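Residue numbers (full-length UniProt numbering): 1 to 65.
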Amino acid sequence: MASDRLVCRECHRVNDPDNETCDACNSSSLTEDWAGYVVISHPEDSEIASEMQVTEPGAYALKVR
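1. Below 9 Å between beta carbons: does that hold for A35 and A59?
2. Could you spell out the range, first to last residue, of the alpha helix (DSSP H) harbouring A49?
3. Give the straight-line distance between the Cα atoms of I48 and V7, rounded to the nearest whole angstrom.
4. For the candidate residues I40, N15 and V38, whose alpha-carbon lies nearest to that of S27?
5. Tell me which same chain residues have a C-beta within less than 7 Å of the C-beta of V39, skipping the five on either side of it?
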């Protein structure tokens with residue numbers, strides 16, 4: 001379930017709960033305090049991806065605290 005996952009404070013990528021670093025950017029700054037969930041399949045065609053400055057497909061949190 002998405003609510004059990006950790007989110008990177010740097011790139012907002014959703015990661016598995018047992019990760020110690022982000023799969024996308026290798027940051028160790030992960031948090032459980034996040035809200036909203038979006039899956040971006042084609043970032044080159046997505047207005048949301050453009051607004052979030054996302055260039056790689058994946059699952060991202062909309063708000064990270």
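Yeah, the Cβ is synthetic: ideal placement off N, Cα and C, and Gly gets one too.
For clarity, every value in this text was computed on a predicted model and none was experimentally measured.
Checking against the coordinates, here is how it stands:
1. no
2. E47 to M52
3. 18 Å
4. N15
5. A59
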